[in-house]
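There are 4 protein chains.
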Amino acid sequence: MDKIATSLTKNTKEPAKTSSVRIVVAGPRGKMGSEAIQMINNQKEFTLVGCVDHKESVDTDKDVPVFTDLHACLQSTKPDVFIDLTIPEVGYKHTRIALELGVRPVVGTTGFTDEQLKEITNIAEKNGIGCIIAPNFALGAVLMMKFSKIAAKYYSDVEIIEKHHDQKVDAPSGTAIKTSELIRENLAAKPHPSVKETESIEGARGGNDNGVHIHSMRLPGLVAHQEVVFGGEGETLTIKHDSIHRSSFMQGIKLSIEKVLNLQTCVYGLENIIDIDH
Amino acid sequence: MDKIATSLTKNTKEPAKTSSVRIVVAGPRGKMGSEAIQMINNQKEFTLVGCVDHKESVDTDKDVPVFTDLHACLQSTKPDVFIDLTIPEVGYKHTRIALELGVRPVVGTTGFTDEQLKEITNIAEKNGIGCIIAPNFALGAVLMMKFSKIAAKYYSDVEIIEKHHDQKVDAPSGTAIKTSELIRENLAAKPHPSVKETESIEGARGGNDNGVHIHSMRLPGLVAHQEVVFGGEGETLTIKHDSIHRSSFMQGIKLSIEKVLNLQTCVYGLENIIDIDH
Amino acid sequence: MDKIATSLTKNTKEPAKTSSVRIVVAGPRGKMGSEAIQMINNQKEFTLVGCVDHKESVDTDKDVPVFTDLHACLQSTKPDVFIDLTIPEVGYKHTRIALELGVRPVVGTTGFTDEQLKEITNIAEKNGIGCIIAPNFALGAVLMMKFSKIAAKYYSDVEIIEKHHDQKVDAPSGTAIKTSELIRENLAAKPHPSVKETESIEGARGGNDNGVHIHSMRLPGLVAHQEVVFGGEGETLTIKHDSIHRSSFMQGIKLSIEKVLNLQTCVYGLENIIDIDH
Amino acid sequence: MDKIATSLTKNTKEPAKTSSVRIVVAGPRGKMGSEAIQMINNQKEFTLVGCVDHKESVDTDKDVPVFTDLHACLQSTKPDVFIDLTIPEVGYKHTRIALELGVRPVVGTTGFTDEQLKEITNIAEKNGIGCIIAPNFALGAVLMMKFSKIAAKYYSDVEIIEKHHDQKVDAPSGTAIKTSELIRENLAAKPHPSVKETESIEGARGGNDNGVHIHSMRLPGLVAHQEVVFGGEGETLTIKHDSIHRSSFMQGIKLSIEKVLNLQTCVYGLENIIDIDH
Numbered sequence: 003m004d005k006i007a008t009s010l011t012k013n014t015k016e017p018a019k020t021s022s023v024r025i026v027v028a029g030p031r032g033k034m035g036s037e038a039i040q041m042i043n044n045q046k047e048f049t050l051v052g053c054v055d056h057k058e059s060v061d062t063d064k065d066v067p068v069f070t071d072l073h074a075c076l077q078s079t080k081p082d083v084f085i086d087l088t089i090p091e092v093g094y095k096h097t098r099i100a101l102e103l104g105v106r107p108v109v110g111t112t113g114f115t116d117e118q119l120k121e122i123t124n125i126a127e128k129n130g131i132g133c134i135i136a137p138n139f140a141l142g143a144v145l146m147m148k149f150s151k152i153a154a155k156y157y158s159d160v161e162i163i164e165k166h167h168d169q170k171v172d173a174p175s176g177t178a179i180k181t182s183e184l185i186r187e188n189l190a191a192k193p194h195p196s197v198k199e200t201e202s203i204e205g206a207r208g209g210n211d212n213g214v215h216i217h218s219m220r221l222p223g224l225v226a227h228q229e230v231v232f233g234g235e236g237e238t239l240t241i242k243h244d245s246i247h248r249s250s251f252m253q254g255i256k257l258s259i260e261k262v263l264n265l266q267t268c269v270y271g272l273e274n275i276i277d278i279d280h
Numbered sequence: 003m004d005k006i007a008t009s010l011t012k013n014t015k016e017p018a019k020t021s022s023v024r025i026v027v028a029g030p031r032g033k034m035g036s037e038a039i040q041m042i043n044n045q046k047e048f049t050l051v052g053c054v055d056h057k058e059s060v061d062t063d064k065d066v067p068v069f070t071d072l073h074a075c076l077q078s079t080k081p082d083v084f085i086d087l088t089i090p091e092v093g094y095k096h097t098r099i100a101l102e103l104g105v106r107p108v109v110g111t112t113g114f115t116d117e118q119l120k121e122i123t124n125i126a127e128k129n130g131i132g133c134i135i136a137p138n139f140a141l142g143a144v145l146m147m148k149f150s151k152i153a154a155k156y157y158s159d160v161e162i163i164e165k166h167h168d169q170k171v172d173a174p175s176g177t178a179i180k181t182s183e184l185i186r187e188n189l190a191a192k193p194h195p196s197v198k199e200t201e202s203i204e205g206a207r208g209g210n211d212n213g214v215h216i217h218s219m220r221l222p223g224l225v226a227h228q229e230v231v232f233g234g235e236g237e238t239l240t241i242k243h244d245s246i247h248r249s250s251f252m253q254g255i256k257l258s259i260e261k262v263l264n265l266q267t268c269v270y271g272l273e274n275i276i277d278i279d280h
Numbered sequence: 003m004d005k006i007a008t009s010l011t012k013n014t015k016e017p018a019k020t021s022s023v024r025i026v027v028a029g030p031r032g033k034m035g036s037e038a039i040q041m042i043n044n045q046k047e048f049t050l051v052g053c054v055d056h057k058e059s060v061d062t063d064k065d066v067p068v069f070t071d072l073h074a075c076l077q078s079t080k081p082d083v084f085i086d087l088t089i090p091e092v093g094y095k096h097t098r099i100a101l102e103l104g105v106r107p108v109v110g111t112t113g114f115t116d117e118q119l120k121e122i123t124n125i126a127e128k129n130g131i132g133c134i135i136a137p138n139f140a141l142g143a144v145l146m147m148k149f150s151k152i153a154a155k156y157y158s159d160v161e162i163i164e165k166h167h168d169q170k171v172d173a174p175s176g177t178a179i180k181t182s183e184l185i186r187e188n189l190a191a192k193p194h195p196s197v198k199e200t201e202s203i204e205g206a207r208g209g210n211d212n213g214v215h216i217h218s219m220r221l222p223g224l225v226a227h228q229e230v231v232f233g234g235e236g237e238t239l240t241i242k243h244d245s246i247h248r249s250s251f252m253q254g255i256k257l258s259i260e261k262v263l264n265l266q267t268c269v270y271g272l273e274n275i276i277d278i279d280h
Numbered sequence: 003m004d005k006i007a008t009s010l011t012k013n014t015k016e017p018a019k020t021s022s023v024r025i026v027v028a029g030p031r032g033k034m035g036s037e038a039i040q041m042i043n044n045q046k047e048f049t050l051v052g053c054v055d056h057k058e059s060v061d062t063d064k065d066v067p068v069f070t071d072l073h074a075c076l077q078s079t080k081p082d083v084f085i086d087l088t089i090p091e092v093g094y095k096h097t098r099i100a101l102e103l104g105v106r107p108v109v110g111t112t113g114f115t116d117e118q119l120k121e122i123t124n125i126a127e128k129n130g131i132g133c134i135i136a137p138n139f140a141l142g143a144v145l146m147m148k149f150s151k152i153a154a155k156y157y158s159d160v161e162i163i164e165k166h167h168d169q170k171v172d173a174p175s176g177t178a179i180k181t182s183e184l185i186r187e188n189l190a191a192k193p194h195p196s197v198k199e200t201e202s203i204e205g206a207r208g209g210n211d212n213g214v215h216i217h218s219m220r221l222p223g224l225v226a227h228q229e230v231v232f233g234g235e236g237e238t239l240t241i242k243h244d245s246i247h248r249s250s251f252m253q254g255i256k257l258s259i260e261k262v263l264n265l266q267t268c269v270y271g272l273e274n275i276i277d278i279d280h
């Protein structure tokens, strides 16, 4: 074990060779996990070297060993990156174990406390390796939010319409609320109606989130969609994201794997590894 | 005058030759009126032969005589069709005068009472000539409503989003309310949420018009837009109308001029001269 | 067997009670077939009573008998409707057998010759029962085409943009070509450019299908989408269909099951059972 | 005159007070010029103090003096900013005169040679004042291009569809070509079709601009619209600009007036004064 730990630690001194990134996935049978494995297998620069699951087995399909214990798995498979797509209770524990063994974590589980994040950042920085924790890996959605925040500097008027399948209980969506927050940080002028508006049917003007109107459509045949519409004199600028399958999260996981190799700290939120310089 | 009246009446016995429809416009300096004159001048099968306005003059630009009195105008210019784009108080009086002189009216003014409509229909039928009264000449909007009503027979779930400039006071728009009414007459099943929905921001789910949710967006840079979205398993069908200029009403006026020549009664509403057989 | 045949034939004298339509599915393990079974199980007015497959078995999941021979299946299960989602070679044979046993077929296989269709129509009419053969069960797409054909009566200018996943080889899509054909039957005026157009990049103006321009977009993240855009003075009317999953075909199969119960002949094409009266 | 020049020059030492920016417009009767004057009059922080036109007069409507000579105008009215919306032949001459008198130019005319731009930059820097030259003041279009360039870093697949009125001769639009160029500078991978594509109607797949497909739609009822669609696994990201009136340029002119007050050099292109930090 000592030898393995040493070898793993050595990884942190020089950037991992991206030509063949060795990866372990925890939660391989979940919806996200199985998509992640498919994505990894489709990328020639990634190699799946092991999985962590409830029950030990050898998944002949994936042709990689499946461990029940993360510690044993990492020591045996010596990966560059550990992807955690399990559940909140397990995510924190797994992240610590990986960091302590010198393996860079990419974590999709939520529920980390501020204290836990601080602690994880400390370990990552002490070991000089990267860690990415992202409650949302939808790269397109993150770009939509970033662009909306920038555009808000140049417009005073904006409304959001988000459209989801009819099984969604809450409205507006979390993404719409987050987008509205980011927009309001930058909005060129405080939004206010040009005229005194009246509603002949209550709610027609949507939800008023501190001046930003949000409209939530719910229909079968939709999955997860959002349009942010900025209005100026004689023109509108629309930023729109349409997600029709959870495979859309894979682009964010792929980007995270690439980025985590060159970080020496913990980054929380996909938006913070996206580079908008151009 | 007798001679003129006779000649005008004669017009009603045989369909007017559409190769050169003679037209008089009342309200030529209003927004709609000036667009109508431009449209007429652009159609080689139409000829503007006179106008009715507050003050008598000869508009050298249009090169047609301008009368202050409709009766005198129609007797002098002997048109096939009379277009009224004035104001409610004048519209009814003008329509009667035209019908009595055997000239087919196309009327864009609103405010006719049921009794007035009945009376006008009687005169039109007695004289055997057509009359079209339409509070809305937007042909595209009428098609959108007709298609929405048909589609409603095949879907149980639909939402409407209408988008207008930020000077519009009322929400939802009259067109959205009318569309919702038409849809509900035909909807395959009573609309109801699939799940118990909650709103973290009040109004997010829009106005609930007897089960049809209507969302009203208001922004500078918009003019008058509406989308009707039907949702079924794995698919959505959207019918969308974008109007960016009042010239969009001209197609409806043009169609009305063509149709009124072959009617022998009064038709109220553009939707009732649109033929969806195919 | 005679008794069964008689009882099946009797079905044709009185409309089947729609409160509980008994259904047999051939091809239950295919993509379409498995969706169809799921749809039937979700409708309380439909009952799956049997399946026809390559190998005999009892599918405990569906809890219905699986036959290898259609004749035996229909005699044993006495269904109202037989759904064929197999392959062209089998479809025709199955349709004949069902009709001869007095069971109404709803057939999704393609490749019927004109002669075969004529023969099937004869049998259907002789037995006084309905039969629906549809190469495409996408109800929303059929409505899009129907509405486009109607709208074409009122516009002279239209373009089509269809968007599909990047695995699609041919462009434009069959639906776009069919839509263009239907539109051109009705178009208000022969389409022609208003100005002499030039292309600095060849193909920019899309494919010119006898005056109707068709644009084909291919991207990952798309499935099957089409927009038909009609342009008039100051306005556009857009009819748009977005299909993101093959479950979208189920609405067409469901409608066909309902309609076939009240037909006394064979109808080819979903468009011919859609009623646009309103 | 010396006194005036001195006072004008003094302006350059301290940033102009934005609370009341004094502005002169050249080309006040053109389409852009008249919009600009209306915009200035609507902003309480801007004051129109003079115009330059072919013929001298006092426009009582605007209540400001109209000069035929720029030199005389600037000396008499002592503005902070000079807006040139004339023609290429005049633009360069005007820009030099303004800079030499210490007035900051905002120039919308095109046709500057590289040498002229260099010379103007020299004068601006020598005098320590700002100058903005922008062939396109459509702020929304510039943001669309900037966001597209950024998004290209995260996607390998993108197509552009631009839609214009049917009087536009050339295809694709200049904006589409410019967008494609910017995208290709950043695109995550060289674009290439996933399959061997075939066109049954030539041009259906649009114009292929070095791997980026561009589609040009032309219809009455459209003005100037563009959509840039990025496709990834299971999702699409769309950036869309709709311009329906030339007033949309005013936001760019307004921004330029604000920015030019704090520049000490010449900036070419609106995109270079837009700040995407956030």
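Protein chains in written order, with the numbering used here: chain A, 3 to 280; chain B, 3 to 280; chain C, 3 to 280; chain D, 3 to 280.
Using N, Cα and C, we set each Cβ at its ideal position, and we do this for glycine too.
Look at the Cβ atom of residue i, then the Cβ atom of residue j, and state whether they are nearer than 7 angstroms.
i	j	result
residue 244(D)	residue 217(D)	no
residue 173(C)	residue 267(C)	no
residue 83(A)	residue 106(A)	yes
residue 140(C)	residue 250(C)	yes
residue 37(C)	residue 252(C)	yes
residue 67(C)	residue 24(C)	no
residue 144(D)	residue 262(D)	no
residue 189(B)	residue 136(B)	no
residue 70(D)	residue 88(D)	no
residue 222(D)	residue 159(C)	yes
residue 219(B)	residue 170(B)	no
Could you give the residue range of the alpha helix (DSSP H) that holds residue i?
i	result
residue 149(C)	141–153
residue 96(A)	90–102
residue 35(B)	33–44
residue 122(A)	116–129
Using three-state DSSP, classify residue i as helix, strand or coil.
i	result
residue 261(C)	helix
residue 194(C)	coil
residue 62(C)	Low local confidence applies: a pLDDT of 49 at residue 62(C) is under 50, so the model's placement there is unreliable, and no value is given.
residue 138(A)	coil
residue 224(B)	coil
residue 208(C)	coil
Looking at the unbroken beta strand (DSSP E) that takes in residue i, where does it start and where does it end?
i	result
residue 24(D)	23–28
Can you name the residues that DSSP bridges to residue i?
i	result
residue 217(B)	163(B)
residue 241(B)	230(B) and 241(C)
Can you list, in chain order, the residues of its chain with a C-beta nearer than 7 angstroms to that of residue i? Leave out the 5 residues immediately preceding and following it.
i	result
residue 182(A)	162, 211, 214 and 216
Cβ of residue i versus every heavy atom of the ligand MG: is any distance shorter than 6 angstroms?
i	result
residue 199(D)	Within the structure as shown, the ligand MG is missing, as the structure has no ligands at all.
Tell me which residues share the same chain as residue i and place their Cβ nearer than 6 angstroms to its Cβ, disregarding the 5 neighbours each side in the sequence.
i	result
residue 2(C)	With chain C covering 3 to 280 only, the question about residue 2(C) has no answer from this structure.
Q. According to a CB-to-CB cut-off of less than 7 angstroms, which residues of the stretch 165–185 of chain D neighbour chain E?
A. Judged by its chain identifiers, the structure shown contains no chain E, and its protein chains are A, B, C and D.
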